[in-house]
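> If you want our numbering, it's the 1-based position in the sequence shown plus 3. Yeah, the Cβ is synthetic: ideal placement off N, Cα and C, and Gly gets one too.
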Amino acid sequence: MTTQGVQQFPRGLAQPAQGFRFAVDSLLLAAWAGQALRPGMRVLDLGCGSGVIGLGLLLLTERATLLGVDVDADMLACARENARRLSLEERVEVVAVDVRHARTMLPAAGFGLVVCNPPWRAPGTGRLAHPGRVAARSFVDGATLADFLALAAYALPARGRCCLVHRADALAEVITACRAAGLEPKRLRCVHARPDRPARLFLLEARKQAGQELAIEPPLVLYEDAPGVLPGGRAPFSAQALALCPWLACNPGRTVMS
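1. Could you have a look at T68 and say whether DSSP puts it in helix, strand or coil?
2. Would you mind giving the Cβ-Cβ distance between G37 and L63, rounded to the nearest angstrom? I have them listed as a contact below 8 Å.
3. Does the region 87-101 come within contact of the region 28-46, defined as at least 3 CB pairs closer than 8 Å?
4. Hey, how far is the Cα of L1 from the Cα of R41?
5. Under three-state DSSP, which class holds L220?
6. Which term fits D199, buried or exposed, when burial requires 16 or more other beta carbons within 10 angstroms of its beta carbon?
7. If we count the other Cβ atoms within 10 Å of its Cβ and call it buried at 16 or more, is G43 buried or exposed?
8. In three-state terms, what does DSSP make of D48?
9. Are the Cβ atoms of L186 and R170 separated by less than 8 Å?
10. Locate the beta strand (DSSP E) running through F205, then write down its first and last residues.
11. How many angstroms separate the CA atom of Q212 from the CA atom of A161?
12. Is E187 helix, strand or coil when you go by DSSP?
13. Shortest alpha-carbon distance to A153 belongs to which of C119, W123, A175, D172?
Following this line, the structure appears as structure tokens:
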């Protein structure tokens, strides 16, 4: 991919023709986790899909490396192709493995940062979708949120950071699961479509073996309250959303997240 292509990230990335395709949540997580990134860090992306989160992180520093794991061969093929398109293949490795069985393939405490956009729902809940999207959004293969967090804790040293995105109504569940895995929530930001709407997502940073002090940051409002935009229509991203995640500018009008 040309320099212009890198600047236009995430445009031009390979994704499966059918099934799960990355969305605003993945881009927000990449930008959010970038605040925890340090030069030379080794990054682990659990359930990496087509690679957008981890690759976005590598674009923020020339010295980080990435290992992505996923069970979906089609997704991993896209991740490899995307690393090639971004000229990042020498800094990227992707592996087909179930998170429940990945410890034998990963070094304990071998990563400074873990990112994950884990499945959000139990099988049979939420809207019906293509099987690939169901697999990405639901724990259909038996792996649970606890499995993702347990592997994250295994892969991190003391005070290593895990950053994730999840649906807002699962906040209590996620905090409980983090603490059970030995990951203490340290930084939280809720994501709203508009100022008068309930949060739909949250971004969370947890650290291994850290003290119980959670910083709750100001809410992130995604869309401008533009005159004339009808419910379900298209609205521009807000200045604060673009300040956190400039990659959103590649698609300046999005269907409003209700």
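According to the structure shown:
1. Locating residue 68 in the sequence shown gives position 65, where the first residue counts as 1. Three-state result, T68: strand.
2. As a working note, residue 37 is residue 34 in the sequence shown. As a working note, residue 63 is residue 60 in the sequence shown. Between the beta-carbon of G37 and that of L63 there is about 5 Å, and that keeps the pair under the 8 Å contact cut.
3. No: the two stretches stay apart, fewer than three of their Cβ pairs being nearer than 8 Å.
4. For residue 1 there is no data in the structure shown, the boundaries of the chain being 4 and 261.
5. As a first step, residue 220 must be located in the sequence shown, where it is residue number 217. Checking the sequence, you will find Glu at residue 220 rather than Leu. In this structure, E220 counts as coil in the three-state DSSP scheme.
6. Working through the sequence shown from its first residue, we reach residue 199 at position 196. Exposed is the call here.
7. Position 40 of the sequence shown, counted from the first residue, corresponds to residue 43. The residue is exposed, with fewer than 16 neighbouring Cβ atoms inside 10 Å.
8. Within the sequence shown, numbered from 1, the residue matching residue 48 stands at position 45. D48 falls in the strand class under three-state DSSP.
9. Here the question's residue 186 lines up with position 183 in the sequence shown. Here the question's residue 170 lines up with position 167 in the sequence shown. No; because the gap between Cβ atoms is not below 8 Å, this pair is not in contact.
10. Counting from one through the sequence shown, the residue named residue 205 turns up at place 202. It spans 202-211 - the beta strand (DSSP E) in which F205 sits, taken as one unbroken run.
11. For the purposes of this step, residue 212 is taken as residue 209 along the sequence shown, with counting starting at 1. For the purposes of this step, residue 161 is taken as residue 158 along the sequence shown, with counting starting at 1. Q212 and A161 have their C-alpha atoms some 6 Å from each other.
12. Taking the first residue of the sequence shown as 1, we reach residue 187 at position 184. Taken through DSSP and simplified to helix, strand or coil, E187 comes out as strand.
13. Counting from 1 along the sequence shown, the entry for residue 153 is found at position 150. When only C-alpha atoms are compared, the closest one is C119.
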